[in-house]
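A.B. asks: The letter at position 133 of the sequence shown is residue 1197 when you use our numbering, and the numbering goes up by one with no holes.
Think of the CB as a built atom: it goes at the ideal place given N, C-alpha and C, for glycine as much as any other residue.
To start, I am sharing the structure in question, which I have written as structure tokens.
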Amino acid sequence: MVIVSSYFGKIQQDKLIKLASAIELLHTATLIHDDVLDYSPYRRNRETVYKKYGRDMAIYCGDFLYTKALLMLAGIAPANKLTIAAKAVKTICEGEVDQYRDKYVMNLSVPSYLKRISRKTAVLFAASCALGASCAKCNPRITNSLSKLGFYYGVMFQMIDDYRDYKNDDQEWGKPVFNDLSKGILTLPGIYACKNNKEIYEKVENYWRSDNKTNEELHNIISLICSSGGMEYTENYIQRYRQKAFREIENLPKGEARDILADLINKLHI
1065 MVIVSSYFGK IQQDKLIKLA SAIELLHTAT LIHDDVLDYS PYRRNRETVY KKYGRDMAIY
1125 CGDFLYTKAL LMLAGIAPAN KLTIAAKAVK TICEGEVDQY RDKYVMNLSV PSYLKRISRK
1185 TAVLFAASCA LGASCAKCNP RITNSLSKLG FYYGVMFQMI DDYRDYKNDD QEWGKPVFND
1245 LSKGILTLPG IYACKNNKEI YEKVENYWRS DNKTNEELHN IISLICSSGG MEYTENYIQR
1305 YRQKAFREIE NLPKGEARDI LADLINKLHI
């Protein structure tokens, strides 16, 4: 996202690669910390730092990557552009706090969910596009459209990730399935199902309250959510944000960079 956004302007190649690398380190740091918070054993079909080396080492590793990324950015980006990355990190932390606060909350609203994933995920996509465009000296109108496009892409990305967590045959993501619900986190399919089906609401509530949770109960709840219309509801929301992203595509100059972004949006699917 950093690199393709820079194509709408002009930036030295060596600075561009360092800028993109810094953002990737920043992204990796957020994933390492996220795995600690979620007690996740696997990511991308490999053991997480948390699982392999323990909680403390994972936190130190994530902290190191944060500082390494910011030091790299300080050597590349103008001082007034560093606020983009700093605000993104701040917002990501707020999103993680939102998710922790929302654990085991039964009456979670769709706006609260959207706010959470906007902070937790979408903001980094938006910042990546904004940094790439800003450091390439794109005009403000193009930078703004790219930032919005990145944001909408990030929302889609997280919704698809949440959708796939309900699919027990999904190996492509390389992450444990049914992880969110088992950890007390309601995402869009579950929010819809609990709001519109009293039986599912009560089953989720009882499962979370139980001291003796079983995989059979969890699988049964997942099956009910999948057949409740929650998955279709999520698919419709994903399509809404896809359309928003394509509206921003129309605001960009025609060319290879615009085609790449359109292709990225098209390839992001369930």
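Could you check whether A1186 and G1218 sit closer than 7 Å to each other, using their CB atoms as the reference points?
C.D. replies: Counting from one through the sequence shown, the residue named residue 1218 turns up at place 154. Counting from one through the sequence shown, the residue named residue 1186 turns up at place 122. Against a cut-off of 7 Å, the Cβ pair of A1186 and G1218 comes out as a contact.
A.B. asks: Go ahead and label E1280 buried or exposed: buried means 16 or more other beta carbons lie within 10 angstroms of its beta carbon, across all protein chains shown.
C.D. replies: By one-based count along the sequence shown, residue 1280 stands at place 216. Exposed, by the Cβ-count rule.
A.B. asks: Can you give me the Cβ contacts of C1202 inside the same chain, cut-off strictly under 6 Å, excluding the 5 residues immediately before and after it?
C.D. replies: Translated into positions along the sequence shown, residue 1202 becomes position 138. Counting only Cβ-Cβ distances below 6 Å, and skipping sequence neighbours, we find F1072 and G1073.
A.B. asks: DSSP three-state call for R1304: helix, strand or coil?
C.D. replies: The residue labelled residue 1304 in the question sits at position 240 within the sequence shown. DSSP places R1304 in the helix class (H, G or I) of the three-state scheme.
A.B. asks: Rounded to a whole number of angstroms, what is the C-alpha to C-alpha distance between T1298 and P1204?
C.D. replies: For the purposes of this step, residue 1298 is identified with residue 234 of the sequence shown, where counting begins at 1. For the purposes of this step, residue 1204 is identified with residue 140 of the sequence shown, where counting begins at 1. So the alpha carbons of these two residues sit roughly 33 Å apart.
A.B. asks: Suppose only complete runs of 4+ residues qualify. What are the alpha helix (DSSP H) ranges in the stretch 1136 to 1213, listed by chain order?
C.D. replies: 1143 to 1165, 1174 to 1181 and 1187 to 1199
A.B. asks: Does DSSP put R1110 in a helix, in a strand, or in coil?
C.D. replies: Counting from one through the sequence shown, the residue named residue 1110 turns up at place 46. It is a strand residue.
A.B. asks: Could you name the residues of the same chain whose beta carbon sits closer than 6 Å to that of V1113, not counting the 5 residues immediately before and after it, in chain order?
C.D. replies: As a working note, residue 1113 is residue 49 in the sequence shown. Counting only Cβ-Cβ distances below 6 Å, and skipping sequence neighbours, we find I1096, A1122 and C1125.
A.B. asks: Can you check which of these residues, D1127, K1231, P1253 and S1192, is closest to L1172 by C-alpha distance?
C.D. replies: On the sequence shown, residue 1172 is found 108 positions in, with the first residue counted as 1. Closest option to L1172, Cα to Cα, is P1253.
A.B. asks: CB-CB under 6 Å to T1094, same chain, minus the five flanking residues each way: which ones, in chain order?
C.D. replies: As a first step, residue 1094 must be located in the sequence shown, where it is residue number 30. For T1094, where only same-chain residues beyond five positions count, the Cβ hits under 6 Å are I1156.
A.B. asks: Thinking C-alpha only, which one of L1080, K1308, Y1265 and K1262 is nearest G1139?
C.D. replies: For the purposes of this step, residue 1139 is identified with residue 75 of the sequence shown, where counting begins at 1. Ranked by Cα distance from G1139, the first of L1080, K1308, Y1265 and K1262 is L1080.
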